[in-house]
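S.K.: I'd like to ask some things about the structure below.
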Amino acid sequence: MFQFMGLLKTMGVVIFTFIATSFLLGFFNINNVAFTVTVLYVVCYILTGVLSPIWNPETPYIASYLASLTLTVLNLLFAVTVLDIMVFADPMDINRGLARNTLVSLFVTFVWVKIVKWKQEKEHG
C-alpha cells in the first residue's frame with residue numbers, strides 16, 4: 001500500500017537538502033551556474049531515489065516517480081515565480097527535464113532495491 005506520509009517525508013528531506021546544498025555552494029562562492037545546478041539536481045534526485053524505497057517499501061517505484069515529478073514541477077514553478085526565468089517557453093525543455101529527473105530517480109531506486117534484496121539474501125542464505 002502506498003504511504004503518502006513516506007512521500008511527504010522524502011520530499012521534505014530532499015527540499016531541505018536542496019536548500020542546505022545551495023547554501024553551502026553559495027557559502028564557498030561557487031559562481032558557475034551550470035556546475036551549481038548540476039550538483040543540486042544530481043544530489044536531490046539521487047536522494048529521492050534512495051529515500052523513496054526506504055519510506056515506501058511496498059511501492060518504491062511509484063513513490064520515486066511521484067516524488068521526482070512533484071519536485072521537478074516545484075522547481076519549474078520556483079524558477080518562474082521567484083527567479084523570473086521563462087522555463088515554460090519551450091515544451092521540449094520541460095519534457096527533457098521531467099524525463100531526465102524521473103529517470104535518474106527511478107534508476108537509483110532500482111539499484112537501491114536490488115542492493116537491499118542482495119543484502120537480505122546474503123544474510124538469510
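Position 125 of the sequence shown, counting from 1, maps to 125 under full-length UniProt numbering, and the rest follow consecutively.
Note that CB positions come from ideal geometry on N, CA and C, so glycine has one too.
1) I'd like the list of long-range same chain contacts for asparagine 56, defined as Cβ closer than 6 Å, with 5 residues on each side in sequence excluded.
2) By how many angstroms is the C-alpha of phenylalanine 18 removed from the C-alpha of asparagine 101?
3) Pick helix, strand or coil for valine 73, following the three-state DSSP scheme.
4) Tell me whether serine 22 is buried or exposed, calling it buried when 16 or more other Cβ atoms sit within 10 Å of its Cβ.
5) Could you have a look at aspartate 90 and say whether DSSP puts it in helix, strand or coil?
6) Pop quiz: leucine 106 and tyrosine 65 are said to be a contact at Cβ under 8 Å. What is the actual Cβ separation, rounded to whole angstroms?
M.R.: Here's the rundown:
1) Within the sequence shown, the letter at position 56 stands for residue 56. Cβ neighbours of asparagine 56 beyond the five flanking positions: Gln3, Gly6 and Ala63.
2) Taking the sequence shown and counting its residues from 1, one reaches residue 101 at position 101. Taking the sequence shown and counting its residues from 1, one reaches residue 18 at position 18. If you take the alpha carbons of asparagine 101 and phenylalanine 18, they lie about 14 Å apart.
3) Numbered from its first residue, the sequence shown carries residue 73 at position 73. Three-state DSSP puts valine 73 in a helix.
4) Here residue 22 refers to the residue found at position 22 when the sequence shown is read from its first residue. Serine 22 should be labelled exposed.
5) Mapped onto the sequence shown, residue 90 falls at position 90. Aspartate 90 falls in the coil class under three-state DSSP.
6) For this step, residue 106 is matched to residue 106 along the sequence shown. For this step, residue 65 is matched to residue 65 along the sequence shown. With a Cβ gap of about 6 Å, leucine 106 and tyrosine 65 count as contacting.
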